[in-house]
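Student: Below: one structure in structure tokens.
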Amino acid sequence: MLSSMRTLWYTFLHLFQRNVTVSYPEQMPYLAPRYRGRIVLTRDPDGEERCVSCYLCAVACPVDCISLQKTEDEGRWYPEFFRINFSRCIFCGFCEEACPTYAIQLTPDFEMSEYNRQNLVYEKQDLLISGPGKYPDYNFYRVSGLAIPGKDKGEAENERQPIDIRSLMP
Amino acid sequence: MNHPGSIIPGLLNIVLGLAFLMAAAALLTWVERRLLGFFQDRPGPNRAGPFGSLQVVADGIKLLFKQDWIPPFADPAVFVLAPAIAMVTVMLAIAVIPATPVIGIIGNLNVGLLFFLAMSGLGVYSVVLAGWSSNNKFSLLGGMRAAAQMVSYEVFMGLSLVGVVMLSGSFNLTDIIHSQRHLWYVVPQFIGFVIFFMGGIAETHRLPFDLPEGESELGAGFHTEYSGMKFGMFFVGEYIGIILVSAMTTVLFLGGWYGPFLPPFMWFGIKTGFFVAFFILLRAALPRPRYDQFMSFGWKLLLPLTLLNILVTGALILGLPGPS
């Protein structure tokens, strides 16, 4: 009985407290930079696609909403298509954690309502953005040992020249 | 009011009274949602109209235009009758409440208090019949709970008022208010006041005593199958019930319209509004008790307390030489 009275009193005091909610469409709530919202595919500083089609995001996705197909062009790997079904996505951010090249990133944006469910399936051109997102300097092909046009083996950052296995010299 | 010329003002009184009551009950749905919002640190409905007050209109239109659905497995006659009983009984009961010496429909009824108790007793039928005719196990459980709850709390509610009747020596609500001119009965009858208010909450099956509805256990209890305006009638009946119990508490324990400076009608409104707000605060603050706890609380704590209250009040009236 006494605890009920105390509950009543504390609830009554909430009458004089500031609202914790904001009037959303007029007033945007603060979204942290790491807020997990709409997923984007970023580009490296040179403007090339970061995604190397390793499928790790699709594997990590607990609701299987990512589907992609690898293709190859002069040593570089690309997704032929990259599709995220946002009507399934639960915005857990596992894909972002799984991505080895910082290609897939979640952004502080949640305003993606549609009248037609089909419109929530985003294709690659919908997902790709023009910038590097949260990691402005990272470029996978500049640090990896993969040979691409304009950069042979041993020319990446902090990479030694490959050892000639047919030579006796150290 | 026996000669035919006086029937027009009488009818006007009834129609205006009921219209005012319906408007107040409808507005109360908005007031409750706003207040609940404030208690929970959010604004509540504030979009439609100034401060969201047109929310009432929007809800009313929605309810009116919804499909008036009677389930094929239900008993149609009783199914239609139940919400009507819910509204009619509370509206009849509110007729005996004198808001001021002049405002009120039959405020001077010499058995006003008994009439109120009888009407709230009849109100049990609405929920029981609704639960029964819905032919649905959740509704039936809700209806059974409502029957047990309302019948048992009716007992304490009636008994808690015996002290008031003993002190004032009348069943006439106007006389009861007049006898509180010097001292409100909330002071000498504090236990009766608390128990009456609890009984009132149980009688209107409002939170925390909303076991007949119990959303988390029974869906919506006795009105699971109701939709549209039939549900709306239960809804309005419940809110008029809140006003009724608040007004009765004001009349019986807080001296009705008596108060300094302000006109009588204002005082009655303020006191009633205070209890209505308290109803809403209770809803915001307290969780629902388990059903067996609720019943044992009633029969094992409230019943002995009310009987003790009657005994002590009677003994004091006998023992003290006073103008009682």
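If you read the sequences in order, they're chains A and B.
Those letters in the first sequence? Residues 16 to 185, by my numbering.
Those letters in the second sequence? Residues 53 to 376, by my numbering.
Glycine residues also receive a C-beta, built at the ideal position from the N, C-alpha and C atoms.
Got a sec: is the Cβ-Cβ distance from M53/B to anything in chain A below 8 Å?
Tutor: Counting from 1 along the second sequence, the entry for residue 53/B is found at position 1. Residue placement at M53/B is poorly supported in this model, since its pLDDT is 44, which falls under 50; the coordinates still yield a value, given next. Answer no: the Cβ-Cβ gap between M53/B and chain A never drops below 8 Å.
Student: Give me, in chain order, the residues of the same chain whose beta-carbon lies closer than 6 Å to that of L259/B; leave out the 5 immediate sequence neighbours on both sides.
Tutor: Walking along the second sequence from the start, residue 259/B turns up at place 207. Excluding positions up to five away in sequence, the list reads R335.
Student: Please report whether the beta-carbon of L30/A lies at a distance below 8 Å from any beta-carbon of chain B.
Tutor: For the purposes of this step, residue 30/A is taken as the residue at position 15 of the first sequence. Chain B contact via Cβ: present.
Student: With H, G and I counted as helix, E and B as strand and the rest as coil, what does DSSP make of V297/B?
Tutor: Indexing the second sequence from 1 puts residue 297/B at position 245. Here V297/B sits in helix by DSSP.
Student: So, are the CB atoms of M196/B and G251/B less than 8 Å apart?
Tutor: Here residue 196/B corresponds to residue number 144 of the second sequence, with the count starting at 1. Here residue 251/B corresponds to residue number 199 of the second sequence, with the count starting at 1. No, Cβ-Cβ distance for M196/B and G251/B is not below 8 Å.
Student: What separation, rounded to the nearest whole angstrom, lies between the Cα atoms of S376/B and P315/B?
Tutor: Reading the second sequence from its first residue, position 324 is the one you call residue 376/B. Reading the second sequence from its first residue, position 263 is the one you call residue 315/B. Because the pLDDT of S376/B is 47, which lies under 50, any placement of that residue in the model is unreliable, and the question is left without a value.
Student: Within the same chain, show all residues whose beta-carbon is closer than 6 Å to that of G284/B, passing over the 5 residues directly before and after it, in chain order.
Tutor: By 1-based counting over the second sequence, the position of residue 284/B is 232. If we look at G284/B and ignore the five residues flanking it on each side, its Cβ neighbours are L115.
Student: Roughly how many angstroms separate the alpha carbons of E126/A and K352/B, rounded to a whole number?
Tutor: Start at 1 with the first residue of the first sequence, and residue 126/A comes out as number 111. Start at 1 with the first residue of the second sequence, and residue 352/B comes out as number 300. Approximately 56 Å, taken between the alpha carbons.
Student: Exposed or buried, what is M184/A when buried is set at 16 or more other beta-carbons lying within 10 Å of its beta-carbon?
Tutor: Reading the first sequence from its first residue, position 169 is the one you call residue 184/A. Answer is exposed; the Cβ neighbour count stays below 16.
Student: Enumerate in chain order the residues of its own chain whose CB-to-CB distance from I228/B is below 7 Å, with the five nearest sequence positions on each side excluded.
Tutor: Numbered from its first residue, the second sequence carries residue 228/B at position 176. The beta carbon of I228/B sits closer than 7 Å to the beta carbons of V216, S220, S222, V303 and L304 from its chain, once the five residues preceding and following it are set aside; these are given in chain order.
Student: Chain A partners of P150/B, CB-CB under 8 Å?
Tutor: The count along the second sequence starts at 1 and reaches residue 150/B at position 98. Per Cβ cutoff of 8 Å: no residues; P150/B is ~30 Å from chain A at best.
Student: Below 8 Å on the Cβ atoms is my guess for Y291/B versus T81/B; work out the distance and round it to an integer in Å.
Tutor: Numbered from 1 along the second sequence, position 239 holds the residue referred to as residue 291/B. Numbered from 1 along the second sequence, position 29 holds the residue referred to as residue 81/B. About 6 Å separates the two Cβ atoms, so the contact holds.
Student: Cα-Cα, which of F274/B, F131/B, P240/B and A147/B is closest to A71/B?
Tutor: Numbered from 1 along the second sequence, position 19 holds the residue referred to as residue 71/B. Considering only alpha carbons, the answer is A147/B.
Student: Could you tell me the alpha carbon to alpha carbon distance between P135/B and I149/B, rounded to whole angstroms?
Tutor: Sequence index remark: in the second sequence, residue 135/B carries index 83 (1-based). Sequence index remark: in the second sequence, residue 149/B carries index 97 (1-based). For P135/B and I149/B, the distance between alpha carbons rounds to 23 Å.
Student: Can you round the beta-carbon distance between L270/B and F349/B to whole angstroms, since I take them to be within the 8 Å contact cut?
Tutor: The sequence position of residue 270/B within the second sequence is 218, counting from 1. The sequence position of residue 349/B within the second sequence is 297, counting from 1. Actually they do not touch by this definition, with Cβ atoms about 20 Å apart.
Student: Could you check where the alpha helix (DSSP H) with W184/B kicks off and where it finishes?
Tutor: Reading the second sequence from its first residue, position 132 is the one you call residue 184/B. It spans G164 to S185 - the alpha helix (DSSP H) in which W184/B sits, taken as one unbroken run.
Student: List in chain order: all unbroken beta strand (DSSP E) runs of 3+ residues lying wholly within the segment 226-285 of chain B.
Tutor: none
Student: Does the beta carbon of S19/A come closer than 8 Å to any beta carbon on chain B?
Tutor: Against the first sequence, residue 19/A aligns to sequence position 4. It does: the Cβ of S19/A has a partner Cβ on chain B nearer than 8 Å.
Student: Give the interface partners of R94/B over in chain A, defined as CB-CB distance under 9 Å, in chain order.
Tutor: Position 42 of the second sequence, counting from 1, holds the residue named residue 94/B. Within 9 Å Cβ-Cβ: N34, V35 and T36.
Student: Here's the rule: buried if 16 or more other CB atoms are within 10 angstroms of the residue's CB, otherwise exposed. What is A78/B?
Tutor: Here residue 78/B is taken as the residue at index 26 of the second sequence, counted from 1. Under this definition A78/B is a buried residue.
Student: Ends of the beta strand (DSSP E) at K352/B?
Tutor: Numbered from 1 along the second sequence, position 300 holds the residue referred to as residue 352/B. No beta strand (DSSP E) holds K352/B; DSSP gives it neither H nor E.
Student: Which of helix, strand or coil does DSSP assign to S376/B?
Tutor: As a first step, residue 376/B is located in the second sequence; it is residue number 324 there, counting from the start. Per-residue confidence for S376/B stands at a pLDDT of 47, beneath the threshold of 50, marking its modelled position as unreliable; no derived number is given.
Student: I'd like to know whether the C-beta of A337/B is nearer than 8 Å to at least one C-beta of chain A.
Tutor: Sequence index remark: in the second sequence, residue 337/B carries index 285 (1-based). Answer yes: the Cβ-Cβ gap between A337/B and chain A drops below 8 Å somewhere.
Student: Give the DSSP-derived three-state secondary structure of D3/A in the structure shown.
Tutor: Within the shown structure, residues of chain A are numbered from 16 to 185, placing residue 3/A beyond reach of any answer.
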